[in-house]
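Here is the structure we will look at, set down as structure tokens.
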Amino acid sequence: MISYFILASLAAIFLVSLPRSNLIMNVITQLHTLIIALLAGYLLYTDTATAYLWDSNLFIDSLSAYMIFISGIIFWLATVFAKGYNESLINTGELNPKNVRFFYIAFNGLLLSLILAFSSNNLALLWIFAELTTILSALLIVVLNAKENIIAAMKYIFITSIAMVFSFIGMILLFSLTKYGYGEATLRWDLLMQYAEDFPPELFIVSFVLLFIGFAAKSGLVPFHIWLPAAHSKAPSNVSAILSSSVISVGIYAIIRLFSLTRPNPETHDFASALLIAFGIITIGIAAFSMVTRTNLKKLIAFSSVEGMGLLVLAIGLGTETALFWALFLLGAHGLVKALMFLSAGIIHWQYHSDRADSIHSLFLLQPLAAVGLIMGGLAIIGTPFLPFFVPKIMILSQLGLRSIPLLFLVVLLFAIVASAFVIFLLRIISPGDDLPAKRKIPFSMRLPVVILFVIVLLLGLFFPDKISEIMQHMLEQLGWSM
Amino acid sequence: MINITLDMLFILATFLLLLAALYTLLFLTKKSKIVRGVSLSVALLANAILILISSSIVYSGTALEFNFNQIFPMMGMDFLIDRLAAFFILAVSIIAAAVTVYSFHYLDHYPQTRRKNIHIFLMNLFVLSMVYVVASRNMISFLIFWELMSVSSFFLVCFEFEKAETRKAGLFYFIMTQLSTVFLICAFVILYNETGSFELARASEMSSGLLSMAFISLFIGFGIKAGIIPFHKWLPYAHPAAPSNISALMSGLMIKVALYGLIRFLLYIFPATYLWWGILILIAGTVSAFLGVIYALKEHDLKRLLAYHSIENVGIILMGIGMCVIFTSYGLTALAMISLVAALFHTLNHGLFKSLLFLTAGSVISETRTRNIEEMGGLVKRMPKTAVLFFIGAVSISALPPFNGFVSEFLLFHSLFQSSLIPDPIVQLIMLVCLTVLALTSALAAACFVKAFGTVFLAAPRSEHAAQAKEASWSMVAGPSLLAALCIGLGVFSFQIFSWIGPRIGYSFPLPDMLPAVSVGAVLLLMIVIGFRLTDSRKPRVSETWGCGINSQNSKMEYTASGFSQPIINIFSFIYQPQKINKRYFMDIQETVFREGKVEIRMVRFFEDYVYLPIARTVQRISRWLYSQQNEVTLDPFIFYEFLAILGLILLVGVIV
Amino acid sequence: MISDSLLEGALKALLVLIVISALLLLTRKNVLSLFRSYALQSLLLAFIAVVLYVQERKIELLFTVVLTVISKVILIPFFLGRVQQKISIKRDAEFRYIKPVAAVILSTAIIVIIYAVFAPLLRILPVTEIFILGSVIGISMTFMGLIVCYSRKRVITKVIGYLTMENGVVLFGIFLIELPFLIEMFVIMDILMVVMITAIMSFGMNASVEEFHVHLKSLRQWFKEEDASK
């Protein structure tokens, strides 16, 4: 099964690298992303048993399929969006036409490396492909040849790579644990899950902390988050969308797996849980306060991604089945909502040539669709009922309340600050300005993804089909959290 | 034949309301008024059904249960409508019906089609969410509809978002509602921890510390929404900014929903209540009532004045709730009941007359195009029907017999007078002080409405718009008329109503039978009027009022609202401290090139200047500082942070392991 | 057969040398000598692997030697030298947060801290003392590389810092456990890509302010033309 994914991706990369027109490259990428999404969706829907490939170094279980599915959808929508949006960037001179091919190669390559990262059964492979996603994302950021983009990409590469080096130390430590404990050195998830019970807790804790450092930086947790607002605000909006929804999920994905690993080992588990909760709350706090005075739309959304990652890590750290169930749901929902917001921000960029609040005004008059998209995303993030964040948030908070009421109070207060930050910003950009610039027509290819995401987010909040809950249960079982 | 049960009917009614809401979304860009008309008619029908159902439940006392778990499996959508809930649903649906009728024509003077349609959508959603908050049996669904109520009302307040003032009000309101939710969630989770379920049912034994924590959280959470001082500040901002039909719904209903929450938790959920809770509620209520009316006296913005009166009346209702808790803790159940009934009855009454006042104020404002009462005047000749309706509202809120406000305040006074039955002298003293303050508050409220009615409707018009005002259209008269009729009816028939309630709770209410007196009075009045008409001279004499010898009299010479309230303001001058504010604006950030300056003399806004704004500024300063730490161009600082963080983590591990 | 004590002595000497090479990277100002120090360090690493191979006879160690020599002694320094010629930076004399002397003291402190934290932990595993020492120096070297990354201004020096960190990991790895060959291959490829990309991007970083403004101006021109066309 995995081989289909890899073959599709490789074929797409090959086809895109041949000299072709922009439109054809776009169509190829669309096909590629759609195939990936459909395949992963099929896997998810049929609950296929875990499939292995290449000496069991690659595998696909429900969690992998879920992550690939979400990535596939968002990559597809980002590709559709790119059709019109790249044109606009070329027109304004922000994107060099020569770089378009380069963009599509990196774009398809990024999806391939994500698929490989999500389907590695081997921690070392996951590390390698996670590094690869960093490199490819950095390339997608510097597609726009501005100095700020290069600086942003530099921040991204250096901060995450440095942290990933420490991750590697942790990995070697884990590797040696299996060797000295079982005679057979391995980094395979499925085997690690069996062995973890007997690891000496002291060393296991050290290796968990070191591994966590790297993946925390990948998912943008404070204090390793600086690259995130810089990179997400400078990248083209469709790239920001995939960065914010799929690429930072790699870190969370690894943290989920690592944390499940500690479960049979109570001492390590308690330590890991406390560590994750602390990181989660600090992240939410810093992000919430940083959001209040933001004047750049994409920075605001990026900081809210940081906050979302904090919430996810907090939920994972709580360590109960309920919390993890909703964390998994939130992981997907967060990606979709962030994509909706960044694509809306892309439309706004198309209209105003800027992301700054002082140049955006009369948004409802000029780009009602973008305004509705942003408001919808904002409402979802602040946890409005009948939108996908509400129930997960309440459930996670109630689990947090079981641990500590003061912490709960703190976190809810921080959520209120996040919500206020969104409203401050939105009220600013819908207010009338001095002059009314001419309304720019948005091509259909840019409107379609926003509308699709809008509908998905709305439906996901209104209805929670049993199928989704079944899939989540399946994932929990495979991670060793039977409910 | 299908057997239609009450719960099916209830679901049908709310479904109709939802349909009415979605209908306008469907035809978002249709310019025609018919879209809104259809939606409003359907909503009116739904409200009528709701009135029938809820009044039948109030009458019979058989609770209604249903759930939506099949449609929304994860949200715990369980509902239970008992007498208390039905009573609030009754209040909601009556007032919502009146506001719906009013809204047929109210929006006509706004130009934006799409926005008007969205407005109707949100308004129906708002009413729907209030109904379901009250019907909720589960904390999650309570929170869901509570949030829906907050969000929809936030958007409704932001209707005219082009105005900076509205945006400011909207933001203020939004932050306060978020804070309210914060405290509610904390309280809910504390309860969940103890009971293990989110169900709104009586909790078993809890430790008194946790219980008090939950109570304080809930009190603050609901208090913010209800507008208790010191959490009241959003009311005088949001009400003037919102369209008047929304002000009527928010002031008449939404803050009552918060009070419903408080009553529900105090009496039905908490396993025990303590004396100090009651005293806290009583004192908070008294302070709100007194300060509310004091601020209202000084106010010349008609809607802000009404908003301050809402604070006052919420205070009065809270006093009743507080008395109920105090009496309960002494075991005086009958007295507790009478206080509660007083509070509940005042809740309904305040909803009726405050919505009436806001709606009529809305008619006046859309004609005169100003909210400043100093620029109105003389409207009784130009808008006679509106004037009569406003007058009924004003008399009711001033608690004059035979109107409904009188009855509920009378009951409250009655229960406060029973403080002699309480053994503890300190509690007795507190209650007596509160009694005195309540008496003062009622008197001041009456004075304030003399001012309001006199300045708005009497004398000669003080502005051009006021001079050209016309009577509001039929729906804008019909809606308030319904409320006015109820204001009179609930007052006049109060004896009959309470002699029905009395035996059911085992207490006879000491109310005078107002029906005979009123009928005799009405007949007398009618005869006098007829007598005058018959003996009138047929030729009216037209002449100018004597103006102390000045020839050309104009409206500048009239008695103004400021003049009227001056003596009272002098008495309370210690509360109104003036303050001079100098503001300078510069062209650049370094503050070297002066752009403009602003000098302002105004009252010290104590809570705003010393509580809200400092907190907001602190948050802003923290935010700026934090961001400046994260916004350097070079990489070095961030790698340095990373170094420190990793080294710190490794040290931490070394210490722990 | 070479005696164990001799091998251990050699290892100790090499470890001391490798720490010195890391200290050189912290303090040298000339970019070329930084490259040379790095190449030297990698060579020392290869020597350590050879010594360990002699002791343990594990084939993976030889792979490590080959990979290290090819990639880190030859390829990367050569590539970095080319880049350095292009952007013509000779010296990196600016230090932030920490001066060279302080950096040396801090590094010593870090070695002590890491030893205090990790040595008791690693003793849980059945390894000898010299292996523990090697692993500790590996982790410390990672931190020293990190200090280079934040105390030096030029991107090219930061890259060297990153590579030093990576060398620290390899040192840690060869003392504790041998990774499968394939994994090491992939890791080296990843590292190579990071180095190449950051080095290439440093062209953009070092573009002069004037060039940058020209670029900005052309952007503005585009806006204006578009406004006019509307």
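Protein chains in written order, with the numbering used here: chain A, 568 to 1050; chain B, 57 to 713; chain C, 132 to 361. Here a beta-carbon is modelled for each residue, glycine too, at the ideal position from N, C-alpha and C. All of these numbers come straight from a predicted model, not from anything done at the bench.
Going by the beta-carbon positions, is the gap between B:Ile678 and A:Phe856 smaller than 7 Å?
yes
Are the CB atoms of B:Phe182 and B:Phe210 within a distance shorter than 7 Å?
no
Under three-state DSSP, which class holds A:Val709?
coil
Which residue wins for smallest C-alpha separation from C:Ala250, given the options C:Leu237, C:Ala234, C:Gly269, C:Ala233?
C:Gly269
Closest by C-alpha distance to A:Ile809, when choosing among A:Ala988, A:Ala607, A:Ile635
A:Ile635
Determine, using beta carbons only, whether C:Val248 comes closer than 7 Å to chain B.
yes
Taking B:Asn123 as part of the beta strand (DSSP E), name the residues at either end of that continuous run.
120-123
Taking 7 Å as the threshold (beta carbon to beta carbon), is C:Tyr293 in contact with chain B?
no
Check each candidate in A:Lys801, A:Ile729, A:Ser631, A:Leu903 and name the one with the smallest Cα separation from A:Leu711.
A:Lys801
Is there a C-beta anywhere in chain B that falls below 7 Å from the one on C:Leu146?
no
Could you give the first and the last residue of the continuous beta strand (DSSP E) run that contains C:Pro251?
No beta strand (DSSP E) contains C:Pro251, which is instead part of the alpha helix (DSSP H) from 231-253.
For A:Leu744 and A:Phe766, which I take to be in contact (beta-carbon distance under 8 Å), what is that distance rounded to the nearest angstrom?
5 Å
Contact set between B:Arg45 and chain A, taken where Cβ atoms lie within less than 7 Å:
What is shown of chain B runs 57 to 713, which leaves residue 45 of chain B out entirely.
Quick one: give me the first and last residue of the alpha helix (DSSP H) that A:Leu620 is part of.
No alpha helix (DSSP H) holds A:Leu620; the beta strand (DSSP E) holding it covers 618-620.
Does the Cβ-Cβ distance between A:Gly1028 and A:Phe953 come in under 7 Å?
yes
Assuming contact is defined by CB atoms lying nearer than 7 Å, are A:Val583 and A:Ile672 in contact in what I supplied?
yes
What is the C-beta distance between B:Ile695 and A:Ile717, in whole angstroms, given that I count them as a contact (C-beta under 8 Å)?
With a Cβ gap of about 17 Å, B:Ile695 and A:Ile717 do not count as contacting.
Name the residue from C:Ile263, C:Phe303, C:Thr288 whose alpha carbon lies nearest to the alpha carbon of C:Gly212.
C:Thr288
Quick check: the stretch 937-944 of chain A against the stretch 905-919 of chain A, are at least 3 beta-carbon pairs closer than 8 Å?
yes
Quick check on the DSSP output: the beta strand (DSSP E) that includes A:Phe826 runs from which residue to which?
First-last for A:Phe826: 815-829, but that is the alpha helix (DSSP H), not the beta strand (DSSP E).
Could you pull out every residue in the same chain whose Cβ sits closer than 6 Å to the Cβ of C:Glu341, ignoring the five residues on either side in sequence?
Because C:Glu341 carries a pLDDT of 45, less than 50, the predicted location of this residue cannot be relied on, and no value is offered for it.
Candidates B:Gly308, B:Leu491, B:Arg427: which alpha carbon is nearest B:Leu408's?
B:Gly308
Can you find at least 3 beta carbon pairs, one from the stretch 272-280 of chain C and one from the stretch 295-309 of chain C, that sit closer than 8 Å?
yes
Step through the CB atoms of chain B and report whether any lies within less than 7 Å of the CB of A:Ala713.
no
Please give me, in chain order, every unbroken run of the beta strand (DSSP E) with length at least 3 that falls completely inside the stretch 64-128 of chain B.
120-123
Excluding the 5 residues flanking B:Pro536 on each side, which residues of the same chain have their C-beta closer than 6 Å to its C-beta?
Leu412, Leu415, Thr416, Leu445
At least one CB of chain A closer than 7 Å to the CB of C:Leu367: is that the case?
Limits of chain C in this structure are 132 at one end and 361 at the other, which puts residue 367 of chain C out of reach.
Taking the straight line between their C-alpha atoms, what separation do you get for A:Ser811 and A:Thr646?
15 Å
Just list the residues that DSSP pairs B:Tyr641 with in beta bridges.
B:Glu652
How about A:Thr596: is its Cβ closer than 6 Å to a heavy atom in the ligand NAD?
This structure lacks the ligand NAD, and indeed carries no ligand of any kind.
Taking Cβ-Cβ distances shorter than 8 Å, what residues in chain B pair up with C:Arg285?
Ordered by position in chain B, no residue passes the 8 Å Cβ test against C:Arg285, which lies about 11 Å from the chain.
Assuming contact is defined by CB atoms lying nearer than 7 Å, are B:Leu96 and B:Phe177 in contact in what I supplied?
no
Would a check of beta-carbon distances place A:Ile717 closer than 7 Å to chain C?
yes
Indicate the three-state DSSP secondary structure (helix, strand or coil) for B:Arg594 in the structure shown.
coil
Return the first residue and the last residue of the beta strand (DSSP E) that B:Phe135 is part of.
134-137
Taking the Cβ atom as the reference point for each residue, do B:Thr70 and B:Leu227 lie within a distance shorter than 7 Å?
no
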